Amino acid sequence: MLIIPLALTMVALLRLLSQTHHAVCSAPIGGRPVPADFVGNRVFVRWAAPGFPSLRLYTDTGGGPLSLFPEAVERLSLPVDTLNWTKGAEHGTQLRVRIPRALNEALVPPVPSALTIGLRTKPTDSTTVLLLVEYGGSPPEDESGYEWDGRLGSDWFANRVWTIDYPNRRLYFDGTKSVAPTDPSCWVPLGFKTDSIGHRTNSFPRITARIDGEDIQFLVDTGARIELTDSAWRTVGSNEPRHRGTSFITTQRFEQWHKKHPEWLVVPDAEKPGGAAMMRVPTIEVGGRQIGPVWFTERPDRNFRDFMSQYMDQPIEGALGGSAWRYITLVLDYPGAKAALLTSP
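Every number in the numbering used here is 11 more than the matching position in the sequence shown, counting from 1.
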């Protein structure tokens, strides 16, 4: 007779603990709103200043440079510096764009002034020289009627605190102060590569996700994206844009998951172009928080194990993008080297 009440008591207690932790890891959103569009779980910042055509820039925590496409540079009538570079036996040129100070200050937040270091010409009172690198080609195709003009990479996110509210499609910037809850249980460590004296060599954040009982290291990559083929679009979900945020995983890991879990949905020939496959992982765990399902796009092992891992503090197996973060409000505290996964208000 005592077993049933005891079981009910334990269930109630577990529910209470779960609800308490859930409530702690939600917080009122603070910081300065950043004008942005959320399209297919990707974040595009709107950049407008009086007297200038408006711009739309793709945010990419997993990409390095801040850049504009040639069409945008021409539309803005911006002067360009051509700089020569040498790295070992390799030589090349790099195009950097001179941005009027008024235009930069209209971006929320502006490109950091530290990024002017090393340029051939110095800023003047009316202009600032920025590391906005011209792309060599045209902007990538996107949804019909939606064009973008450049990219805000990791240099823009560096040393700042951001709140990306995916469900409510809002982006906030709060300088170098955390806007997330202070409860330590809500924070997840971020790893950054450093030099011998502890200075960061870049601002690519690494995060740990637990998938199928194993801890796996990932790049936090708001810029991870895919264009779906017609067949994949119908399978994955045509209620969302064909161009959308995704997450990446190495081929070897992809095949391991598929062998162990044949019930996990795989969509072959999913990506256009290239034909990479996608897999629907039912759930992943980040910092004790269960999120999912998450779509992963297959990538060659060398993309992450060889190339991207050299820029990380630990070897990584892939990248977590909008297909994972879409469920939560993600706080990225670069100065504090930590992230929080919050329930959206």
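Idealized CB from N, CA, C, for every residue including glycine.
Everything numeric in this text was worked out from a predicted model, so none of it was measured.
Note down, in chain order, each residue of its chain lying with its Cβ closer than 7 Å to the Cβ of residue i, except the 5 sequence neighbours on either side.
i    : result
V50  : E154, Y157, P252
Q325 : G202, R217, Q228
H254 : G51, D153, E154, R236, E238
R86  : P64
G42  : T174, Y183, F184, D185, V190
A113 : A60
What residue does the beta strand (DSSP E) around residue i start on, and which one ends it?
i    : result
R245 : Premise fails: R245 lies in the alpha helix (DSSP H), 241 to 247, not in any beta strand (DSSP E).
E296 : 295 to 297
Since residue i is in the alpha helix (DSSP H), which residue starts that stretch and which ends it?
i    : result
S334 : 333 to 336
K188 : Careful: K188 lies outside any alpha helix (DSSP H) and carries neither H nor E.
V84  : 81 to 87
Under 8 Å, do residue i and residue j count as touching if we go by C-beta distance?
i    : j    : result
H269 : M289 : no
F168 : Y322 : no
G164 : G74  : yes
G281 : I302 : It should be pointed out that residue 281 corresponds to Ala in this sequence rather than to Gly. Not in contact: A281 and I302 (Cβ atoms no closer than 8 Å).
L230 : S37  : no
L118 : S78  : no
I222 : I327 : no
G161 : A287 : no
Y69  : G234 : yes
Go ahead and label residue i buried or exposed: buried means 16 or more other beta carbons lie within 10 angstroms of its beta carbon, across all protein chains shown.
i    : result
N115 : buried
I260 : buried
D232 : buried
S88  : exposed
P273 : exposed
What are the residues that DSSP puts in a beta bridge with residue i?
i    : result
I302 : I295
W58  : L66
Ignore the nearest five residues each way along the sequence and tell me which others in residue i's own chain have a CB closer than 8 Å to its CB.
i    : result
P123 : D166, W167, A169, N170
K349 : W198, V199, P200, L201
I339 : Y177, P178, R300, I302, L352, L353, T354, S355
With a CB to CB cut of under 6 Å and the five nearest residues on each side skipped, what residues in its chain are close to residue i?
i    : result
A351 : A191, C197, W198, V342
D48  : F55
N95  : T104
K283 : E238, T240
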